[in-house]
Amino acid sequence: MQKNTAFSLGNIALIDKIDSETNFFASVLGGVGGRSKSFIPSVKLLISNKLNQSVSINKILDFTPDELLKTLGFEDTISDRSLYRTLELGYSRDNQPGKLQIAFGISVGLNNIPTMLTIQKGNVQDKKHMQMLIRLCSSVLPEGSLLVFDCGGNTQDNKRRIRDLKFHYLTLKAKKKGPYRNEITIYHARKESQVSFVSGNRVYSCVKYRDGEEVRAYIFL
72 MQKNTAFSLG
82 NIALIDKIDS
92 ETNFFASVLG
102 GVGGRSKSFI
112 PSVKLLISNK
122 LNQSVSINKI
132 LDFTPDELLK
142 TLGFEDTISD
152 RSLYRTLELG
162 YSRDNQPGKL
172 QIAFGISVGL
182 NNIPTMLTIQ
192 KGNVQDKKHM
202 QMLIRLCSSV
212 LPEGSLLVFD
222 CGGNTQDNKR
232 RIRDLKFHYL
242 TLKAKKKGPY
252 RNEITIYHAR
262 KESQVSFVSG
272 NRVYSCVKYR
282 DGEEVRAYIF
292 L
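If you read the sequence shown in our numbering, its first letter stands for residue 72, the second for the next number, and so on.
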């Protein structure tokens, strides 16, 4: 029986659309890969993975059919060794620092909201990177600005420095069972303070309270 192969085309269509409008891959990466014909397809493969299934880097080829590799521009069958050889050694989120890889960040902005994008070496951890961003913000942003960042930059030291600079911040707590169990308990214990609101045809319930110098908000569907 003939084997049918199916894979998502939405992320590939998005990559091709942006490339056709900006000529990004040729203009930015054209001289990086040298004579390697698989360098730009490898970069597209990493971006496609992040936009779609987001599997571990060392498992990408296990979840990627040959038909998709051809669609991305690979002329020949690629091995793990060939894929890693085209990338720069960096910080390994797979706990395999000996593997060659590169880290990508994808930024999506809304109108009238300033967005800053910085690039550091692959082995710079998020919390240390955040320290550099805070120093930069102190030079370019007015007092009272709101800094929005994920849990990677959420440390007591970073938050204290932000407040010392007279900025405000909005951040996330790391997804750990212990703290989240405590927050859920607080949420249920403060039913009189719960406020409901609708966003995108969904109803949310929120509890806000002050914990020392911080205002904490817990939002649930």
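Glycine included, C-beta positions come from ideal geometry on N, C-alpha and C.
Residue nearest to residue i in terms of C-alpha spacing, selected from the options
| i | options | result |
| --- | --- | --- |
| residue 75 | 138, 84, 91, 287 | 138 |
| residue 224 | 261, 130, 200 | 200 |
| residue 82 | 107, 286, 134, 123 | 123 |
| residue 21 | 189, 250, 102 | What is shown of the chain runs 72 to 292, which leaves residue 21 out entirely. |
| residue 227 | 210, 202, 132 | 202 |
| residue 241 | 77, 257, 231 | 231 |
Residues near residue i in its chain [Cβ-Cβ closer than 8 Å; skip 5 each side]
| i | result |
| --- | --- |
| residue 96 | 90, 111, 114, 115 |
| residue 272 | none |
| residue 239 | 215, 216, 217, 218, 233 |
| residue 146 | 108, 109 |
Residue i, buried or exposed, once every other Cβ within 10 Å from all chains shown has been counted against 16
| i | result |
| --- | --- |
| residue 94 | exposed |
| residue 229 | buried |
| residue 119 | buried |
| residue 243 | exposed |
| residue 99 | exposed |
| residue 220 | buried |
| residue 268 | exposed |
| residue 278 | buried |
| residue 159 | With a pLDDT of 48 at residue 159, under the threshold of 50, the modelled position of that residue is not reliable, and the figure given next carries that caveat. Its Cβ having fewer than 16 others within 10 Å, residue 159 is exposed. |
| residue 148 | exposed |
| residue 140 | buried |
| residue 288 | exposed |
| residue 135 | buried |
| residue 143 | buried |
| residue 125 | exposed |
| residue 79 | exposed |
| residue 205 | buried |
Per DSSP, the bridge partner or partners of residue i
| i | result |
| --- | --- |
| residue 217 | 239 |
| residue 277 | 266, 290 |
| residue 285 | 282 |
Helix, strand or coil at residue i [DSSP, three-state]
| i | result |
| --- | --- |
| residue 77 | coil |
| residue 115 | helix |
| residue 231 | helix |
| residue 162 | With a pLDDT of only 45 at residue 162, under 50, the local geometry of the prediction cannot be trusted, and no value is derived from it. |
| residue 189 | coil |
| residue 96 | helix |
| residue 106 | coil |
| residue 260 | helix |
| residue 195 | coil |
| residue 91 | helix |
| residue 137 | helix |
Close beta carbons around residue i, own chain, < 6 Å, minus the five adjacent residues each side
| i | result |
| --- | --- |
| residue 214 | 237 |
| residue 245 | 222 |
Spatial neighbours of residue i in its chain, beta-carbon cut-off 7 Å, leaving aside the 5 residues before and after
| i | result |
| --- | --- |
| residue 286 | 279 |
| residue 274 | 267 |
Any C-beta of chain D under 8 Å from that of residue i
| i | result |
| --- | --- |
| residue 99 | The chain labelled as chain D is not found in the depicted structure, where only one protein chain is given. |
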